[in-house]
Structures are given as C-alpha cells and as structure tokens.
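Undergrad:
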Amino acid sequence: MLARIMGLMGRHPANAEPPPVVAVAKPIGSPGASKSLTETIEFFTPRLGLDVSAYIEAEQKQGIHHVGRYQWAVPVLAKRKPSRIVDLACGAGYGSYMLAQAMPESEVIGVDYDSRAVEYAKDNYKAPNLSYSVGNVVTWQSEDNPLPVCDAITSFDTIEHLLHRELALMRMADNLTDNGCLLLSTPCGHDVSKLNPGWEHHKLEFSHTDLYSFVSRFFERVIAPDDPRYENLEFWKGVVNRDKQRYLNKMNPLICEAPIRIKQRNGGEI
Numbered sequence: 051m052l053a054r055i056m057g058l059m060g061r062h063p064a065n066a067e068p069p070p071v072v073a074v075a076k077p078i079g080s081p082g083a084s085k086s087l088t089e090t091i092e093f094f095t096p097r098l099g100l101d102v103s104a105y106i107e108a109e110q111k112q113g114i115h116h117v118g119r120y121q122w123a124v125p126v127l128a129k130r131k132p133s134r135i136v137d138l139a140c141g142a143g144y145g146s147y148m149l150a151q152a153m154p155e156s157e158v159i160g161v162d163y164d165s166r167a168v169e170y171a172k173d174n175y176k177a178p179n180l181s182y183s184v185g186n187v188v189t190w191q192s193e194d195n196p197l198p199v200c201d202a203i204t205s206f207d208t209i210e211h212l213l214h215r216e217l218a219l220m221r222m223a224d225n226l227t228d229n230g231c232l233l234l235s236t237p238c239g240h241d242v243s244k245l246n247p248g249w250e251h252h253k254l255e256f257s258h259t260d261l262y263s264f265v266s267r268f269f270e271r272v273i274a275p276d277d278p279r280y281e282n283l284e285f286w287k288g289v290v291n292r293d294k295q296r297y298l299n300k301m302n303p304l305i306c307e308a309p310i311r312i313k314q315r316n317g318g319e320i
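Those letters in the sequence shown? Residues 51 to 320, by my numbering.
#1: Check Asp-228 in the structure and name its three-state DSSP category.
#2: For Glu-250, does the count of other Cβ atoms within 10 angstroms reach 16, so buried, or fall short, so exposed?
#3: Between Asp-201 and Ser-133, how many whole angstroms is the CB-CB distance? I'm expecting something under 8 Å.
#4: At the level of alpha carbons, what is the spacing between Asp-241 and Thr-259?
#5: Sorted by chain position, which residues of the same chain lie with C-beta nearer than 7 Å to Trp-190's C-beta, five sequence neighbours on each side aside?
#6: Can you say whether Ile-40 is buried or exposed, counting buried as having 16 or more other CB atoms within 10 angstroms of its CB?
#7: Alpha carbons only, please: which of Gly-145, Asn-186, Val-158 is nearest the one belonging to Asp-164?
#8: Do you know offhand how far Tyr-170's Cα is from Gly-145's?
#9: Rounded to a whole number of angstroms, what is the C-alpha to C-alpha distance between Gly-118 and Asn-299?
#10: Helix, strand or coil for Thr-259 per DSSP?
#11: Give me whichever residues DSSP pairs with Lys-331 in a beta bridge.
#12: Around the C-beta of Ser-235, are 16 or more other C-beta atoms found within 10 angstroms, so that it is buried, or is it exposed?
#13: Can you give, in chain order, each stretch of the beta strand (DSSP E) that sits fully within the region 93 to 161 and has at least 3 residues?
#14: Give me the Cβ distance between Ala-29 and Val-161, rounded to the nearest whole Å; I'm assuming they're in contact under 8 Å.
#15: Out of Tyr-120, Ile-114, Phe-268, Glu-107, state which residue places its alpha-carbon closest to the alpha-carbon of Glu-216.
#16: Should Asn-229 be labelled buried (16 or more other beta-carbon atoms within 10 Å of its own) or exposed?
#17: I need the boundaries of the alpha helix (DSSP H) containing Val-168, first residue and last residue.
#18: Tell me the rounded alpha-carbon separation between Tyr-262 and Val-126.
#19: Does the distance from the CB of Glu-281 to the CB of Glu-210 come in under 7 Å?
#20: With DSSP run on the structure shown, which of helix, strand or coil describes Val-289?
#21: For Ser-205 versus Leu-138, is the C-beta spacing smaller than 7 Å?
#22: Give me whichever residues DSSP pairs with Val-272 in a beta bridge.
#23: With DSSP as the reference, label Leu-298 as helix, strand or coil.
#24: Can you tell me whether DSSP reads Ala-177 as helix, strand or coil?
#25: Determine the direct distance from the alpha carbon of Gln-314 to that of Val-136, and round the result to whole angstroms.
#26: Mind checking Ala-108: buried by the 16 CB within 10 Å criterion, or exposed?
#27: Going by DSSP, what residues sit across from Leu-212 in a beta bridge?
#28: So for Leu-283, helix, strand or coil by DSSP?
So, in structure tokens, the structure goes:
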C-alpha cells in the first residue's frame, strides 16, 4: 500500500516551475496573519517532484517536511473516504493536488490568504476534483462566501503564523462534520513555548506539551505519533527516518478527531 502511494506521489505536473516574485492585487483581509503581499513570496515549491524519496536522497530538509506531511496524510485520509477536504494554507497547491490525485472521489479545496499562491496553484496543480480559493482561516471566509463545512482539514505549519490561532482552531472545529478529522502540524520541538521565535514570520512556537493542551481544548481525541492509535507511523519510521532522524515526530503531525463545538448563544442583553 505504501509503495503504491509513493509511486502515485511521484507524478508531478510538467509545467510546475518556481513562482516569480511579483506583487498582485491584495487579497481579502488577513487578520491574525499580519502579512503584506509586498513581502517575498513565502510558499514552498517542490522542485524535486512529489515523492519524498527524492528529498531524502538529496537530504533537503524543507522538501522532506513539506512533501512528507502530505504523503503521510494520503492513506490516513483515504481510509476515511471524506466527501470534502479543505487544505488550509495550501501555498503552491502541490499538497492539495496530491490529495486530489489520491482520492478522486473527494472534493479538495486548497485555501491560502496569499492570492499569488492561489494563482500559482491554479496554473500548475490541476485536477477535476480540485479547486482553490483565497481565504482566511481565522474568519473562515473566502473572497465571496464562507468556507464550507468539510469532512477533513489539513493544516500543516499554519497556526504558528497566526496572531489569533485560538480563533483558527475554533473555526476548524466548528466547520468539521461530527466524524471529521484535522491533520495538523506546527513547530513544537521545544520544552518551553517560544513567544518570540527567531524567524520573523512565526508569531509563536509551542512546546510539545502546550500544543497538546491547546489542541485538546478543541478536539476530544488528539492522537500523537507515540499513541498506539496513530495511523501510518510506518511512513515516518520506515521511510523518512529509516536510517536517521529527518523529521521530529514530537507531537507532530497530529490526528485530531471529535471536534468540540460550543452551541452559540443569541443576544445576551438584559
């Protein structure tokens, strides 16, 4: 099964080239992200294709992390047969494309605040069941409409960029179906949370214990790699980290199930 999926991931659109650094029209507001489109383009493009093996051979850490997470996610989600998947902070679109190719019966929606990333994704990673939208995870709003309710969400290395990450997790939980799941990663290898990380684009980097505590406020089941219920652990142990550690599976990535939703109150006036 793993070998078949890795073969599928090796397919790569021939026209996918690194994006030019250009400024285009501003997207919808991005509260919580505090980003400007005059900044250098931030999204990753997979120059060695969509199979993590190429990045392992080249010892290219960025590719191992970015491509590897989606490659791990494919069998985790495929067994659930989700009708709709929302890929938050989809960037160049390669991960959304990997999900769409592996699950042709599922609708996949790639969402990013950066209109340049969305345009690049639309041009380079296309599938009949795949669409892209400029959107905001904190407000759960796209350019014209709210983002949809879905059966699965992927959010890989997103929340560390947000000022209002608690609102983002609340929106994710509120917009998943009862049996839906969130696959989440964020830097959390620290023993103590870093409130002022060294990289300017990160607002916060959790400790592994704080991350578990935080996410558990929004999901009843938070399944980490050291949990016997964790799925597709063999990908990390037998492929990525087979001869040395290339990806730190310390509370990363998480499988989050049973979203906690609070019934909304109307009014409140006395």
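C-beta atoms are modelled at their ideal positions from N, C-alpha and C, and glycine is treated no differently.
TA: Let me lay it out:
#1: Asp-228 falls in the strand class under three-state DSSP.
#2: exposed
#3: 5 Å
#4: Asp-241 and Thr-259 have their C-alpha atoms spaced approximately 8 Å apart.
#5: Pro-196, Leu-197, Arg-221, Asn-225
#6: With the chain running from 51 to 320 in the structure shown, residue 40 is simply not present.
#7: Nearest of Gly-145, Asn-186, Val-158 to Asp-164, Cα basis: Asn-186.
#8: Approximately 13 Å, taken between the alpha carbons.
#9: 12 Å
#10: helix
#11: Any property of residue 331 remains undetermined from this structure, which presents the chain solely from 51 to 320.
#12: buried
#13: Whole beta strand (DSSP E) segments, 3+ residues: 134 to 138.
#14: Because the chain is modelled from 51 through 320, residue 29 falls outside the range shown and cannot be assessed.
#15: Phe-268
#16: exposed
#17: 165 to 174
#18: 20 Å
#19: Contact flag unset, no.
#20: helix
#21: yes
#22: Cys-306
#23: coil
#24: In the structure shown, the three-state DSSP call for Ala-177 is coil.
#25: 23 Å
#26: exposed
#27: According to DSSP, Leu-212 bridges with nothing at all.
#28: When DSSP states are grouped into helix, strand and coil, Leu-283 belongs to the helix group.
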